[in-house]
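Residue numbers (my numbering), protein chains in the order written: chain A, 27 to 339; chain B, 27 to 339. Where is the CB? At the ideal position from N, CA and C, for every residue including glycine. Working notes, structure below.
Quick look at the structure:
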């Protein structure tokens, strides 16, 4: 077995996920616990929560360095790490880290989130996605999308993240399908395939020439009129709305200047949503650039490597 | 007191509202009951529910005619009245009514809803708003907006309703402020004034030149980034989101071709939302045409009058 060299934490509100990795980035072991989630840690006892989860790794391999990202770096976390302003690359992100030393001597490095002060109407923020973007690659100019509850569209230019914009697509999807009158959807059976025909119908309308597709507040009502018209079956609603909101995200990102027909975009992460985004991209005449499957881990290691270079330099 | 000549019903899912009116449209008496709401009427006992609410009026004034609109004309109501297709004016709406005779000999006329078969991506529908539009006036070509949970934008041309489009603005507002992570808002204190500065900030962004304002899925995230940036107080969120979604409805209606800067629009109804829509209209360079305060009642009477003319003709 390669020698363990560091511990990487994805430490969020509801869970703590830890990976023991080798120098070359190979994952040697993992721990995944909900009891370590920030909301369950009392009285700031984060070090105890960390030791409970990964103490055995320290015992076996010594006080190896820990690299932490996620909401653990927010106001409600262990220490609040200020956002680094766009544009920012490896150097700026590494300079924005904060470190503490544990009782056993191990150093924990907390990675910063990013802020785009040029975003309208207010500065936009992200925490974690910037690390995935770094792991995807800052080597060439390109546009990236990171699907999620709060999707990000980001632009990489000259080796730095030049700017980004959040789209609350996943959250709007959940609100519509769980709580609305117009698009409440049944839960799909576990393991069932998406109803791609319904998905494509929604995405296809969002990508169409119809002027009504620019009216998102109206387009969402089509989940209801589609059923009334007998075109959508009740079981179609969830995937129809999924296609409609993801397609609308692309349409709106185009209007806001994030994409141009004929370009290639990177779809970052290995989220289950990525297959849906990959299906929509060609409707907007976009090619898809392949990327690494674990961009987050790669990004953490690149930022940590940069930090080491800086400290040694 | 003028002589009672008819009973007008606004009969919906959750309530039954009845007005006793004179020949000239004066309201002489009203009844408002939730127990008559369609969802509370068992086994189709609509006639009994009606008699319980307005039986005393029949006793006092004879078997005067009844004019009913609302969800009572839908599949879950008393009788389902088919939608009348746009374009449609008084003649088409009157021809689309359905009548039944009560045990006491009174005739109940059910008014139809309307369907726009040209709407994208599916035919759009409304039930009740067409009657308000008739009451507002079909005498000149103009664009009308009817604020609500499911707002309608409609175009009157050549004495008929030429077409319309639904915007689910009120429902999206409720979802965002009640159920979302990004814009959950506190309930305003009863009787408190709207926070107009926050409302204007949201509406102002929606009306601005910023390309990001074309990205509704992103704009809604600004309720969160505005708080993070220290620009919005937690108590501002509800009115900020209200301004943002109503402003976005205007912006999207402009993109979809319903309004042009420099025109006048009518804002139909006496909904509490109307003051908010009136505040947004000038941001889009629109004048506001005054209209009657009770367009619904006026519309019912015009359609009933047309029906009488037709039957006599």
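- Mind listing the chain A neighbours of residue 231 of chain B? Cutoff is C-beta to C-beta under 8 Å, in chain order. Taking the second chain and counting its residues from 1, the one referred to as residue 231 of chain B is at position 205. Residues of chain A passing the Cβ test: 146 and 147.
- Item | Top-ranked residue by Cα proximity to residue 111 of chain B, from B:83, B:129 and B:152 | The residue labelled residue 111 of chain B in the question sits at position 85 within the second chain. Closest by alpha carbon: B:152.
- Query: Whose C-alpha, out of B:269, B:284, B:161 and B:299, is nearest the C-alpha of residue 332 of chain B?
  - Reply: The residue you call residue 332 of chain B lines up with position 306 of the second chain. Comparing Cα positions, the closest option is B:161.
- Message: Report the CB separation of residue 243 of chain B from residue 194 of chain A in whole angstroms; it is logged as a contact under 8 Å.
- Response: The residue you call residue 243 of chain B lines up with position 217 of the second chain. The residue you call residue 194 of chain A lines up with position 168 of the first chain. Right, their Cβ atoms sit about 6 Å apart.
- Task: List the residues of chain B whose Cβ lies closer than 7 Å to the Cβ of residue 302 of chain A, in chain order.
- Result: Within the first chain, numbered from 1, the residue matching residue 302 of chain A stands at position 276. Correct list: empty, because the minimum Cβ distance to chain B is about 15 Å.
- Answer yes or no: the CB of residue 228 of chain B versus the heavy atoms of the ligand COA, is any distance below 7 Å? Inclusion of the ligand COA in the displayed structure is not the case, the ligand content being empty and no account of it being possible.
- Query: Name the residues in the region 234 to 257 of chain B whose C-beta lies less than 7 Å from a C-beta of chain A; which are they?
  - Reply: 236, 237, 238, 240, 241, 242, 243, 244, 246, 247, 248, 251, 252, 254, 255 and 257
- Using a Cβ cut-off of 9 Å, which residues of the region 145 to 179 of chain B contact any Cβ in chain A, in chain order? 145, 146, 147, 148, 149, 150, 151, 175, 176, 177 and 179
- residue 191 of chain A touches chain B at which residues, Cβ-Cβ below 8 Å? Taking the first chain and counting its residues from 1, one reaches residue 191 of chain A at position 165. Neighbours of residue 191 of chain A on chain B, chain order: 238, 241 and 244.
- Task: Classify residue 226 of chain A as helix, strand or coil using the three-state DSSP reduction.
- Result: Translated into the one-based positions of the first chain, residue 226 of chain A becomes position 200. In the structure shown, residue 226 of chain A sits in a helix (DSSP, three-state: H, G or I).
- Message: Please tell me whether residue 278 of chain B has its Cβ less than 8 Å away from any Cβ of chain A.
- Response: Residue numbering aside, residue 278 of chain B sits at position 252 when the second chain is read from its first letter. Yes, residue 278 of chain B counts as interfacial toward chain A.
- Would you say residue 128 of chain B reaches chain A, if we count a Cβ-Cβ gap shorter than 8 Å as a contact? Position 102 of the second chain, counting from 1, holds the residue named residue 128 of chain B. With 8 Å as the cut-off, residue 128 of chain B does not count as an interface residue toward chain A.
- Answer with yes or no whether the minimum CB distance from residue 194 of chain A to chain B is below 8 Å. For the purposes of this step, residue 194 of chain A is taken as the residue at position 168 of the first chain. Answer yes: the Cβ-Cβ gap between residue 194 of chain A and chain B drops below 8 Å somewhere.
- Item | As assigned by DSSP and simplified to three states, the class of residue 166 of chain B | Locating residue 166 of chain B in the second chain gives position 140, where the first residue counts as 1. Residue 166 of chain B falls in the coil class under three-state DSSP.
- Query: Under 8 Å between the Cβ atoms of residue 278 of chain B and residue 241 of chain A?
  - Reply: By 1-based counting over the second chain, the position of residue 278 of chain B is 252. By 1-based counting over the first chain, the position of residue 241 of chain A is 215. Yes; because the gap between Cβ atoms is below 8 Å, this pair is in contact.
- Using a Cβ cut-off of 8 Å (strictly closer), state whether residue 112 of chain A contacts chain C. No chain C appears in this structure, whose protein chains are A and B.
- Identify the contact partners of residue 187 of chain B in chain A, using a Cβ-Cβ distance below 9 Å as the criterion. The residue labelled residue 187 of chain B in the question sits at position 161 within the second chain. Near residue 187 of chain B there are no residues of chain A at all, since even the closest Cβ is about 17 Å away, more than 9 Å.
- Query: Under 8 Å between C-beta atoms, does residue 215 of chain B make it to chain A?
  - Reply: Walking along the second chain from the start, residue 215 of chain B turns up at place 189. No, residue 215 of chain B does not count as interfacial toward chain A.
- Using 8 Å as the limit for Cβ to Cβ distance, is residue 103 of chain A near chain B? To locate residue 103 of chain A, count along the first chain from 1; it is residue 77. Cβ-Cβ to chain B under 8 Å: no for residue 103 of chain A.
- Message: Residues of the region 261 to 291 of chain A in Cβ contact with chain B at a cutoff of 8 Å, in chain order, please.
- Response: 271, 274, 275, 278, 279, 281, 282 and 283
- Inside the region 252 to 295 of chain B only - beta strand (DSSP E) runs reaching at least 3 residues: 290 to 293
- Query: Skipping 5 residues on each side, what residues in its chain have a beta carbon closer than 7 Å to that of residue 303 of chain A?
  - Reply: Along the first chain, read from residue 1 onward, the residue named residue 303 of chain A stands at position 277. Excluding residues within five positions, the ones whose Cβ falls inside 7 Å are 171, 173, 272 and 293.
- Item | DSSP state of residue 59 of chain A mapped onto helix, strand, coil | Residue 59 of chain A sits at position 33 when you count from the first residue of the first chain. Looking at residue 59 of chain A - three-state DSSP - the assignment turns out to be strand.
- Query: Of the choices A:73, A:155 and A:102, whose alpha-carbon is the least far from that of residue 322 of chain A?
  - Reply: Mapped onto the first chain, residue 322 of chain A falls at position 296. Closest option to residue 322 of chain A, Cα to Cα, is A:155.
- Query: Can you tell me whether DSSP reads residue 204 of chain A as helix, strand or coil?
  - Reply: Position 178 of the first chain holds residue 204 of chain A. DSSP places residue 204 of chain A in helix when its eight states are reduced to three.
- Of the choices A:214, A:115, A:117 and A:206, whose alpha-carbon is the least far from that of residue 261 of chain A? As a position in the first chain, residue 261 of chain A is number 235, starting the count at 1. Comparing Cα-Cα distances from residue 261 of chain A to each of A:214, A:115, A:117 and A:206, the minimum goes to A:214.
- Message: Please identify, using Cβ separations under 9 Å, the residues of the region 63 to 89 of chain A that lie next to chain B, in order along the chain.
- Response: none
- Task: Taking only the alpha-carbon atoms, compute the straight-line gap between residue 287 of chain B and residue 270 of chain A and give it to the nearest angstrom.
- Result: Start at 1 with the first residue of the second chain, and residue 287 of chain B comes out as number 261. Start at 1 with the first residue of the first chain, and residue 270 of chain A comes out as number 244. Roughly 29 Å between the two C-alpha positions.
- When DSSP labels each residue in this structure, what does residue 198 of chain A get in the three-state scheme? Translated into positions along the first chain, residue 198 of chain A becomes position 172. Of the three classes helix, strand and coil, the one that applies to residue 198 of chain A here is helix, per DSSP.
- Cutoff 8 Å: residue 197 of chain A Cβ touching any chain B Cβ: Along the first chain, read from residue 1 onward, the residue named residue 197 of chain A stands at position 171. Yes, because at least one Cβ of chain B sits closer than 8 Å to the Cβ of residue 197 of chain A.
- Message: Would the region 114 to 124 of chain B count as touching the region 40 to 60 of chain B if we require 3 or more Cβ pairs under 8 Å?
- Response: no
- Task: With a threshold of 16 other CB atoms inside 10 Å of the CB of residue 301 of chain A, please say whether the residue is buried or exposed.
- Result: Sequence index remark: in the first chain, residue 301 of chain A carries index 275 (1-based). Residue 301 of chain A should be labelled exposed.
- Query: residue 206 of chain B versus chain A: which residues are under 7 Å apart at the beta carbon?
  - Reply: Residue mapping note: residue 206 of chain B aligns to position 180 of the second chain, counting from 1. Ordered by position in chain A, the residues that pass the 7 Å Cβ test against residue 206 of chain B are 197 and 201.
- Measuring CB to CB, does residue 196 of chain B end up less than 8 Å from residue 175 of chain B? For the purposes of this step, residue 196 of chain B is taken as residue 170 along the second chain, with counting starting at 1. For the purposes of this step, residue 175 of chain B is taken as residue 149 along the second chain, with counting starting at 1. Yes.
- Environment of residue 133 of chain A [buried if 16+ CB atoms lie within 10 Å]: On the first chain, position 107 is the one that residue 133 of chain A refers to. By the neighbour-count rule (16 or more Cβ atoms within 10 Å), residue 133 of chain A is not buried but exposed.
- Message: Distance check for residue 252 of chain A and residue 201 of chain B, CA to CA, integer angstroms please.
- Response: For the purposes of this step, residue 201 of chain B is identified with residue 175 of the second chain, where counting begins at 1. For the purposes of this step, residue 252 of chain A is identified with residue 226 of the first chain, where counting begins at 1. Roughly 21 Å between the two C-alpha positions.
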